[in-house]
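In my numbering, the protein residues as written are 9 to 196.
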């Protein structure tokens, strides 16, 4: 159904998880994708995202998109209902997102050690498991494609390669998956 819709010339619909004010959304929007919605816990960032991408929408629609949402509390079915995205199976074509990197990034790890006074405080940070919620949304929406970005240290999170684990899970779901390091300075 999703592919048939795209074959008829419709724009792919994107759901942005951990959206912030919309960096990934902006790139996909510029490439011709339409934004179905976003999940962002920070109220100011959620408001900014709605202002950036739903400013032409009717006021009530913009207000729905401006609501902060905690991905650990909002299930995919609930999100579909709140945003009026229609049937779950056809609501989203692409999922993008960048789970919080503080637990993975070296700078974040050092700061967490200072705050928690523990050499491996970063391993206790619950944000280090939010990629599992991303996978839950992928499983629920079954997008045609997905993209997740993060910092290089996601490849070694306490001896664990999160990117490799994600690829294993995504392959089990039927996706072709790969990961790489990119230097954004080379891409404008």
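Glycine included, each C-beta is placed from N, C-alpha and C at the ideal position. Only a predicted model underlies this, so the values are computations on that prediction, with no experimental measurement involved.
By DSSP's assignment, residue 42 forms a beta bridge with 21.
Residue 20 sits away from residue 78, with the two beta carbons spaced by 7 Å or more. Secondary-structure assignment with DSSP links residue 153 through a beta bridge to 102. Contact check for residue 14 against residue 104 fails: the beta carbons are separated by 7 Å or more. The beta carbon of residue 177 lies closer than 6 Å to those of 143 in the same chain, with the five residues before and after it left out. Less than 7 Å separates the beta-carbon of residue 152 from that of residue 10. Going by DSSP, residue 79 is part of no alpha helix (DSSP H) at all; its letter is neither H nor E.
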